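Chemist: Take a look at this one; I'll ask things after.
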Amino acid sequence: NAGVMQNPRHLVRRRGQEARLRCSPMKGHSHVYWYRQLPEEGLKFMVYLQKENIIDESGMPKERFSAEFPKEGPSILRIQQVVRGDSAAYFCASSPWDGDSGANVLTFGAGSRLTVL
Amino acid sequence: AQSVAQPEDQVNVAEGNPLTVKCTYSVSGNPYLFWYVQYPNRGLQFLLKYITGDNLVKGSYGFEAEFNKSQTSFHLKKPSALVSDSALYFCAVRDTDSGYALNFGKGTSLLVTP
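From first to last, the protein sequence lines stand for chains A and B. Numbering (our numbering) for the first sequence: 7 to 123. Numbering (our numbering) for the second sequence: -4 to 109.
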């Protein structure tokens, strides 16, 4: 079991470019979460998805950020027109379906580190 | 609304001594509480969780945590620290009334010295 796979591990973009971060959940997991970790801050929840469905995007910035989890393929976090403040580590986590009990454990990937020049 | 606070940015302890990493929470419903550990350049790893039942929860690598409802705390403890325990520790809470997001504290850096 390869666990949660994120790529790229490191991504460098210039201001105004687009960044795409990919996450393949653990085998058997149907739920994906995206978090952002900034220096001196904790992990900030961004979005929670099931396949083809966004469940909770209350942590997503209103502009430039979007996420999807298609029927086939990885979940993608997309940041358009990146700015320096977007530089951070972006972590993906996955979990199995637990009937909405809220007790499920998240399995995290190693993260994608975005640097905006 | 839900939130979690880790009042200490860093905890230093000598190897072999007991360690405590503090966490307090605020929720409107019932809390689901978690501890995760992060090693450098790695993702977070699950240590333990409290959902219901016994207030003392035992987890991985000899760690345990005690749920204290009156003090709204969920401190992480280990009787005898190892140098290899040095890492960043995150407390997290999910409020049963507030949806799906697992909210993390800012993290506490634990340094265990030989």
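C-beta atoms are modelled at their ideal positions from N, C-alpha and C, and glycine is treated no differently. Remember, it's a predicted structure, so these values are computed and weren't measured experimentally.
Report the neighbours of F75/A on chain B: residues whose CB is nearer than 9 Å to its CB, in chain order.
Modeler: Neighbours of F75/A on chain B: none; closest Cβ ~14 Å, over 9 Å.
Chemist: For V89/A, which of helix, strand or coil comes out of DSSP?
Modeler: coil
Chemist: Considering only residues of the same chain and omitting the five flanking positions on each side of I46/B, which have a CB-CB separation below 6 Å?
Modeler: So the list reads Y27, once near-sequence residues are dropped.
Chemist: Cβ of Q5/B less than 9 Å from any chain A Cβ?
Modeler: no
Chemist: Going by DSSP, what residue range makes up the beta strand (DSSP E) through P26/B?
Modeler: P26 to Q33
Chemist: Look at the alpha carbon of N110/A and the alpha carbon of C98/A, and state the distance between them as a whole number of angstroms.
Modeler: Using only the alpha carbons, I get a separation of about 15 Å.
Chemist: Apart from the five residues just before and just after Q23/A, which ones in its own chain have a Cβ nearer than 7 Å to its Cβ?
Modeler: V88
Chemist: Is the Cβ of E58/A closer than 9 Å to any Cβ of chain B?
Modeler: Proximity of E58/A to chain B, defined by a Cβ-Cβ separation below 9 Å, is not satisfied.
Chemist: Could you check where the beta strand (DSSP E) with N7/B kicks off and where it finishes?
Modeler: Q5 to A9
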